[in-house]
Amino acid sequence: MLLKAGLEAETDYSENYVGSHDAVALAVQNGNAQVGGLSLPIFNAMVARGTIDPAKVVALEESDPFP
């Protein structure tokens, strides 16, 4: 998705692996990352549980399912 948008690693952004999908969402919410990639079902579950604030963390794009 990032390449499709014309963004290049180390030029437009830096990669930082934080671990689980939950950790990615929390890193974005807490301002430790500008964007992150995670599973949409996990994102939706975290919103439903109140773990993340949908006003601070939003889904920008959804990829095709992985086999």
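Taken in order, the sequence shown gives residues 427 to 493; the numbers are from the working numbering. Ideal placement from N, C-alpha and C gives every residue a C-beta, glycine not left out.
If you count every other CB in all the chains shown that lies within 10 Å of the CB of residue i, and 16 or more means buried, which is it?
| i | result |
| --- | --- |
| phenylalanine 469 | buried |
Would you tell me roughly how many angstroms separate the C-alpha atoms of residue i and residue j, rounded to the nearest one?
| i | j | result |
| --- | --- | --- |
| valine 461 | methionine 427 | 12 Å |
| leucine 429 | leucine 464 | 17 Å |
| phenylalanine 492 | histidine 447 | 15 Å |
| glutamate 434 | leucine 486 | 18 Å |
| alanine 471 | threonine 477 | 9 Å |
| alanine 449 | alanine 431 | 24 Å |
Could you say which of the options lies nearest to residue i if we only look at CA atoms?
| i | options | result |
| --- | --- | --- |
| proline 480 | Leu452, Pro493, Phe492, Ala431 | Leu452 |
| asparagine 458 | Asp438, Ala471, Val444, Pro467 | Val444 |
If we call anything under 8 Å between Cβ atoms a contact, is residue i one with residue j?
| i | j | result |
| --- | --- | --- |
| valine 483 | glutamine 455 | yes |
Does residue i have its Cβ less than 8 Å from a Cβ in chain B?
| i | result |
| --- | --- |
| valine 444 | In the structure shown, chain B cannot be found, because there is only a single protein chain. |
Assuming residue i and residue j make a contact with CB atoms under 8 Å, what is their CB distance in whole Å?
| i | j | result |
| --- | --- | --- |
| leucine 466 | glutamate 488 | 6 Å |
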